[in-house]
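Everything below concerns the one structure shown next.
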Amino acid sequence: MSQAKAVADSHDQPAFRYNAATAQKIELKWQKRWDEEGTFWAANVDGDLTDGKQEHAGSKTPYFVIDMFPYPSGKGLHVGHPLGYIATDVVSRYHRMKGENVMHALGFDAFGLPAEQFAVQTGQHPRVTTEQNIANMRRQLHRMGLSFDDRRSFATIDPEYMRWTQWIFSKIYDAWYDPEYQRADGGVGSARPISELITKFKSGKMDIPGHQEGTWDSMSAAEQADVLNEYRLAYISKSPVNWAPGLGTVLANEEVTAEGRSERGNFPVFQKELKQWSMRITAYGHRLIEDLDTIDWPDKVKMMQKNWIGESHGASVDFEVKTTDGIKDMEVYTTRPDTLFGATFSVVSPEHDLLAYVPAQWEAGIPESWKGGFETPRDAVKEYRRIAESKTAKDRVADNGEKTGIFTGLYATNPITGAQLPIFTADYVLMDYGTGAIMAVPGGDQRDYDFATKYGLPVIYTVKPLPDSGDDLSNYEGSAPFVSHDGIVINSSVDSTHVGGVALDINGQRVDDAVQTVIAWLEEQHIGKGTVSYRLRDWLFSRQRYWGEPFPIVYDDNDVPYLLPDSMLPVNLPEVPDYSPRTFDPEDSESSPEAPLSRNDDWVYVTLDLGDGPRRYHRDTNTMPNWAGSCWYYMRYIDPKNSKNLVDPAEYDYWLGPDHNKTAGKSGGVDLYVGGVEHAVLHLLYARFWHKVLYDLGYVSSSEPFHKLFNQGYIQAYAYTDERGQYVPAAEVEEVPGSGENGKEPEFTWHGKPAFREFGKMGKSLKNIVTPDDMYDTYGADTFRLYEMSMGPLSESRPWNIRNVVGSMRFLQRLWRNVINEDTGEVSVTENSPDGKTLKVLNRTIAEVTVEMENMRPNTAISKLIVLNNHLTTLDSVPRAAVEPLILMLSPIAPHIAEELWNRLGHDESLAHTPWPVADEKYLGVENVTAVVQVKGKVRGKLEVSPDIDPEELEKLALALPAVQDRLGGKPPRKVIVKAPKIVSVVPAVK
RNA sequence: GCGCGCGUGGCGGAAUGGUAGACGCGCUAGCUUCAGGUGCUAGUGAGCGCAAGCUCGUGGGGGUUCAACUCCCCCCGCGCGCACCA
């Protein structure tokens, strides 16, 4: 029998010892009681979810703490999954004891690919398998004693939930972004109802793009729809999208890896021109960055969002290009307009429109390297485009640094110098960033420099290092560009013959000032303007899957889209003969998506009265991505059954509104949101975007969804292989005794044969899975919870080591023994007052543990509770007044044993709402402290002194110590630093 | 390449300028036990020493300070994110 097992085994032990069997009994008992009594119900201000047993919600401070929406996988949980759930449960229980009204609930994110695939494999409807998975997950989590308000649970697949997901879509669809709108919060720019835009078109306050002024009413429905589509926040895009034939669906940029493959399934992704739903998240790019300052998130996640959004400030500049078809404008985007004088050529992306005007013949004298061996520019460009098109987006980056390109035969006029710049096409310029065209400044940009070097293009430096930098332009000339912003502008004035000339290189002007100067000049000349660019692309929002939310959109026979009215929601999924996606050869870029929803004509074709009498329509057959449901679930916990509103506004204000408590501040939102860092730019960006739209449209009162975000680490695990490299069951591997000592690697055996340890994830194929159920059987839920919380800081990843669990079990056993006589089962505490030492330890522990709990450091809280418990163990009899606060402080972490002991100590009520202990100040100011005496920073003596000892007195005592005298060698000290009553630091005289 | 984070006993980790290694695992010895295990008591960074004690010690090197795991600079190693974004 393994040691670990023996601790928990009831065999041959005192009759009333705390062991796995006892734990099992009391855990099930308390879980039942909590359920029956609604112990963890959160009280709404009004309506059905006010909680009759508690004080009215309005009199309590709300505290909203949730985990990231779990996905009910068919595989069940292992011990790594619930780490975050246990952490939020500890926080929830702690806040309840502080007298707060705690919102803690869990729903299920149940649409999505794995559920659909699992259903296809098992031949069952995804709803059936998904609901089974949810039931299993609920069981596993319930057995852990998590303090959720179960009345508030739901799944994204519930028709009532889906109704509101579709409702939000319809509000986003029916809105546009007015960049000039003055918001009530003082900001500028807001989502507004599309009706306001139509009013502006009708009244002539805004021009109708591509149409005559004041002609709105005379335009056809299709024409109007096309115009509005360009403004709607949810719109039909007709641009290249990520198509993964192997998955049979299109994907958002965020779901495509840097290698140009699908995050799920790792299939190749191709750019394909398709009509798809998009969300205009780019309209919110600036606010999504700016408002990061108002929320309490890890810097790392903020940085990842900032990088993903990629806001850059620069200028667009118009270049004229002479073609056989007349003069064409080529707009370039640059972040360094100050280097306009250094532009010696131009590059357009292979997809750029300008390439339609490539001349038929090379001019005389074009270098061979520019031609790429082609007879005509048209052949060269055609072939270059063909190759570029065949590369996936990230193949282009693959050869990292080595730039290819071809001369187009075209020239652009530098608007500031009048110089003729040869235009190249090269795939290092991307069509979907900026304008797809750049002015190349080899003197100031590494990529342009590389390109210029390869094709023999001139290099002009327009910036030189600052005089006091110790750097000089000669260090760069002929070998590198000078890319720094810290520099003085040079070589940047035009001769007087050029119209509207401007000089940037005067008065030692520096780069940042020159940028402003040149932007002002460009705007004055109407040849450019200051602009902002984003790396962020609009969010591709449709998928060709069965298991997702249908769009509340129908089309008439002319394919004009119509939004279904709220009264027609939800649009439920139809039964289809086959709900599996149509997948293709993963490499088949010529294939096109086919939506499973299109397989049921009865569902697709409908006759509806949308206000102008019954007409025939066909439904949109796409479904929404998995992210849709998880974009807004947190607010539904507040009001899960509301059929009139997304969430009742008054309840929203109470739970999530700005300033709803001291934690959330002005941004409002969830007080604590715990989850893995993997959602940093997916879920968390999408949810913030939706939230801001709902905020702009007045449906929610807080500007951010999640005020504080905490990323928990991952639980990792050892896996073992045998000599052939096959995985062997980790549970059966033993460590060779003494092998891991003196710095040597430990050795392992599996059934007597050598085994080799590796470190990584927990997984079936690695044969190292430990499930929560294993833990309940062997130790009980409390030991499991305690162990996970004591392993180390919550934010760090660490290895699961089953061997160590026994320590947590022993702590609970000792606590139990301090209260219960193991042989008789009687309560054994004394009613006598604790002695002075015990009071000191107790009150110091209360003070310290409170701080640890506030800062989410359960690991150090636990170690301090153990110290207190170990102290109580040394006493002849354990005073009630000392052990009761200990039980209360342990209860958030190990709630079942705490409830049981609390109950046996004579309390009838659950301790869940019992006030958290408060330290008595008078025992914190201890009567004696240890003063440390240092000589040259090394501890040489200790003194027991009064805490309010006079510093001079302390100094005298310290200097009198023999160990100090010895080191002073009879000379007076050079310096003595006294920080009474803790430290005396003596500096001896120099020899 | 750029950005961020991390590096402490045999192991998980504690200490954010003031007694390095709290607490736990493991290990050693003793008690309990027919025995193993459990439980209990004590010890456990390394080196020297019978001991008192001394010396060394937080990836490496340098600096600031009376005092550095902690702050600053350089280097090494590991992890994460971004990566032709003009």
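Quick note, the first sequence lines up with residues 0 to 990 if you use numbering that gives the first Met the number 0.
Glycine included, every Cβ here is placed at the ideal spot set by N, Cα and C.
If you check the beta carbons only, do residue i and residue j fall under 8 angstroms apart?
i, j, result
"residue 708", "residue 672", "yes"
"residue 649", "residue 45", "yes"
"residue 809", "residue 872", "no"
"residue 667", "residue 656", "yes"
"residue 717", "residue 626", "no"
"residue 147", "residue 548", "no"
"residue 287", "residue 249", "no"
"residue 316", "residue 422", "no"
"residue 343", "residue 414", "no"
"residue 834", "residue 811", "no"
"residue 586", "residue 267", "yes"
"residue 826", "residue 904", "yes"
"residue 441", "residue 432", "no"
Can you name, in chain order, every residue of its own chain whose Cβ lies under 6 angstroms from the Cβ of residue i, other than the five neighbours on each side?
i, result
"residue 863", "844, 847 and 848"
"residue 919", "842"
"residue 408", "357, 358 and 376"
"residue 607", "616"
Report all residues from its chain with a CB closer than 7 angstroms to the CB of residue i; omit the five preceding and five following residues, and keep chain order.
i, result
"residue 621", "276, 541, 542, 543, 550 and 594"
"residue 955", "none"
"residue 77", "761, 768, 769 and 770"
"residue 495", "Because residue 495 carries a pLDDT of 46, less than 50, the predicted location of this residue cannot be relied on, and no value is offered for it."
"residue 189", "177, 180, 182 and 695"
"residue 303", "679 and 680"
"residue 199", "205"
If I measure Cβ to Cβ from residue i and keep anything under 8 angstroms in the same chain, skipping five residues before and after, which residues do I get?
i, result
"residue 505", "492"
"residue 987", "934, 935, 966, 967, 968, 970, 972 and 973"
If you count every other CB in all the chains shown that lies within 10 Å of the CB of residue i, and 16 or more means buried, which is it?
i, result
"residue 797", "exposed"
"residue 41", "buried"
"residue 204", "exposed"
"residue 254", "buried"
"residue 850", "exposed"
"residue 136", "buried"
"residue 247", "buried"
"residue 634", "buried"
"residue 213", "exposed"
"residue 68", "buried"
"residue 206", "exposed"
"residue 571", "exposed"
"residue 19", "buried"
How would you write the range of the beta strand (DSSP E) that residue i sits in, first residue to last?
i, result
"residue 189", "187–192"
"residue 269", "269–278"
"residue 241", "233–243"
"residue 799", "797–799"
"residue 178", "174–181"
"residue 410", "405–412"
"residue 715", "714–720"
"residue 606", "604–608"
"residue 62", "61–66"
"residue 749", "747–749"
Just reading off the alpha helix (DSSP H) that residue i is part of, what are its end residues?
i, result
"residue 260", "Residue 260 -> no alpha helix (DSSP H), and no H or E assigned at all."
"residue 383", "376–389"
"residue 419", "From DSSP, residue 419 is part of no alpha helix (DSSP H) but of the beta strand (DSSP E) over 419–424."
"residue 583", "Residue 583 -> no alpha helix (DSSP H), and no H or E assigned at all."
"residue 771", "771–777"
message: Going residue by residue through the stretch 319–372, where are the continuous beta strand (DSSP E) segments of at least 3 residues, counting only ones entirely within it?
response: 325–333 and 344–347
task: For the stretch 670–707, list the beta strand (DSSP E) runs that are entirely contained and at least 3 residues long, ordered along the chain.
output: 671–674
task: Mind listing, in chain order, the continuous beta strand (DSSP E) runs of no fewer than 3 residues lying wholly within the stretch 536–577?
output: 552–554 and 560–562
- request: Starting from the N-terminal side, write out each stretch of the beta strand (DSSP E) that is 3 residues or longer and does not extend beyond the stretch 899–967.
  value: 928–934 and 937–944
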